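Q: Protein chains in written order, with our numbering: chain F, 27 to 398; chain G, 139 to 344. Just so it is clear, CB atoms sit at the ideal spot from N, CA and C, and this is done for glycine as well. Just so it is clear, the structure is predicted and the values come from calculations on it, not from any experiment.
1) Taking the beta carbon of residue 226/F as the centre, do at least 16 other beta carbons fall within 10 Å, making it buried, or is it exposed?
2) Between which residues of its own chain and residue 258/G is the CB-CB distance below 8 Å, once the five residues before and five after are set aside?
3) Closer than 6 Å by C-beta to residue 333/F: which residues in its own chain qualify, once you throw out the five before and the five after it? Chain order, please.
4) Once the 5 residues before and after residue 233/G are set aside, which same chain residues still bring their CB inside 6 Å of it?
5) Which residues in the same chain have their Cβ closer than 8 Å to the Cβ of residue 81/F, if we skip the five residues on either side of it in sequence?
6) At 4 residues or longer, and completely inside the region 35-97 of chain F: list those alpha helix (DSSP H) runs for me, N to C.
7) May I ask you to report which of helix, strand or coil DSSP gives residue 29/F?
8) Can you find a C-beta in chain F that's less than 7 Å from the C-beta of residue 227/G?
9) Does the region 321-329 of chain F come close enough to the region 361-368 of chain F that 3 or more CB-CB pairs lie under 8 Å?
10) Using a Cβ-Cβ cutoff of 8 Å, what residues of the region 187-213 of chain F are near chain G? List them in chain order.
11) Which parts of the region 291-372 of chain F are runs of the beta strand (DSSP E), unbroken and 3 residues or longer, counting only runs that do not cross its ends?
12) Rounded to a whole number of angstroms, what is the C-alpha to C-alpha distance between residue 381/F and residue 240/F?
13) Between residue 281/F and the rest of its own chain, which residues show a CB-CB distance below 8 Å, the 5 nearest in sequence each way excluded?
14) Can you find a C-beta in chain F that's less than 7 Å from the C-beta of residue 304/G?
15) Once you ignore the five residues that flank residue 330/G on each side, which residues in its own chain have a CB closer than 6 Å to its CB?
16) Can you look up residue 396/F in the DSSP assignment and give me helix, strand or coil?
17) Residue 156/G touches chain F at which residues, Cβ-Cβ below 9 Å?
18) According to a CB-to-CB cut-off of less than 9 Å, which residues of the region 241-268 of chain F neighbour chain G?
19) Are the beta-carbon atoms belonging to residue 79/F and residue 42/F less than 7 Å from one another?
20) For residue 403/F, I'd like the list of residues in its chain whose CB is within less than 7 Å of its CB, leaving aside the five on either flank, ordered along the chain.
21) Taking residue 269/F and residue 242/F to be in contact with their CB atoms under 8 Å, please state how far apart those CB atoms are, rounded to whole angstroms.
22) When we look at the beta-carbon of residue 320/G and count the other beta-carbons within 10 Å, is it buried (16 or more) or exposed?
Shown next as structure tokens:
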């Protein structure tokens, strides 16, 4: 058994404590006078911070990230669909970033109307738009592997089998399909003034009232919803161990792959250290590693920062760096204190995941316990 | 006359963003696939597309003004949906043939399609689509009770909406990247399928 070094234990405790401190502030601000909700938020902050401690302590990022990611998806699913199974009131999910991506033009147009109409106070960019910008400037594409509930469902299904039944190879052309779908959805949603993704492509709409009144269209919608849910969100992830909905359908992932470049963090492969063993290529759940004529591997902008490749690389050739390949930041030269860029990224990802999930997970916990 | 021209221009300018939105779905993927790196070639393609739309507008306005409201539904619903189906099939055919352009069996067809001046036909058939601004123009046309004024209204409407086509000139430059061209093919297929369904369901519901 590996001996636990005191230094890494203490630095892990410090990292997790700082994270808990920030989540604590968020809990106090958002819970207001609701004491049961405050306790639920504190409990959730503890869970997130503990998982953060495990990541820092073990340096096994993908394992504990995956636990948090799947938990968030599970709670979101409960909030979205719990009323179907239990006698509780139907709740409206706090946000759906995928719907937002495909209706971005409508959103911008509405903001324009709000500003020109003098109703600047309902200007959405001050709330969700602002949050989205913060995420893009910090963890960027990381949102897809640390926060997104769809990704969590996809990941949960991809974890069911130990080994893939089918090795799925995706060409560049098919990997770009989500971008084409995004362009199509942006134009169609704007033309129709409707969220076309929600009406036609969202697998979670299978049990809600988004269906059309015309029977033929209802049948077409049902077929598409079922197909996307069954094939891309469940069957393919189970048999291939890849996140097929995220990589082959999701329009939000496509948008983030473009806007996520605003984030300074990059996952890079060191050419000198890389032995071309293909392990990273095999574990990447979103087909983001490209092999250039089998001479070198490159990480594309579709990388979700799930960190699986970092964990499996035998030569530690894959790293999280900032733009100019910086790997560490020195805090005190005399004492030799350093912060790894990787740990900074993990901290920000956990903080954002904790804050976003903190808006609905504590409510679901209370609801399940019969508190609300 | 001046009032009708002003009305047509204003209608085109005020609803053009929506109107071009529909036409853009047809023409933008084409430009992404076939756009050239010089402004003359792209301008030529856009002018071809616009001339297709221009003829569609004038022909439609003339027919509408002559037949009046007697065959209203036949032209505004059945005919326009049929035209949408033709435009969709044209685009689907083009996208599929382009997608398999490497295969020997598809090459001759691709050459034929290029020779056919696809943008003109895309403009012609998509110009007749049943979009809301177009139908508003038709409603105004019937109140004019004059063939000449009806045609003038639609010519002015055409120029009003065409202003919004200018940005398309720059879209073509994106296709320098092969990846953008591939994305253009997929968008063309998706949009073609979508409008094919809309056209068919419009005809069935009629």
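A: Let's see:
1) buried
2) 186, 187, 189 and 190
3) 87 and 88
4) These residues qualify, in order along the chain: 323, 326 and 327.
5) 87, 90, 91, 372 and 376
6) Qualifying alpha helix (DSSP H) stretches, in chain order: 61-84.
7) Bear in mind that a pLDDT of 49 at residue 29/F, under 50, signals an unreliable position, so the number given afterwards is only what the model happens to contain. Coil.
8) no
9) no
10) 198, 199, 202, 203, 205, 206, 207, 209, 210 and 213
11) 291-295, 315-318, 322-325, 344-348, 354-358 and 363-366
12) 41 Å
13) 127, 130 and 208
14) no
15) 226, 229 and 230
16) Under the three-state reduction of DSSP output, residue 396/F falls in the coil class, being neither helix nor strand.
17) 216 and 217
18) 242, 243 and 246
19) yes
20) No information on residue 403/F is available, as it lies outside the stretch 27 to 398 that chain F covers here.
21) With 8 Å as the limit, residue 269/F and residue 242/F do not qualify as a contact, their Cβ atoms being about 33 Å apart.
22) Using a 10 angstroms sphere on the CB of residue 320/G, the tally of other CB atoms reaches 16 or more, which defines it as buried.
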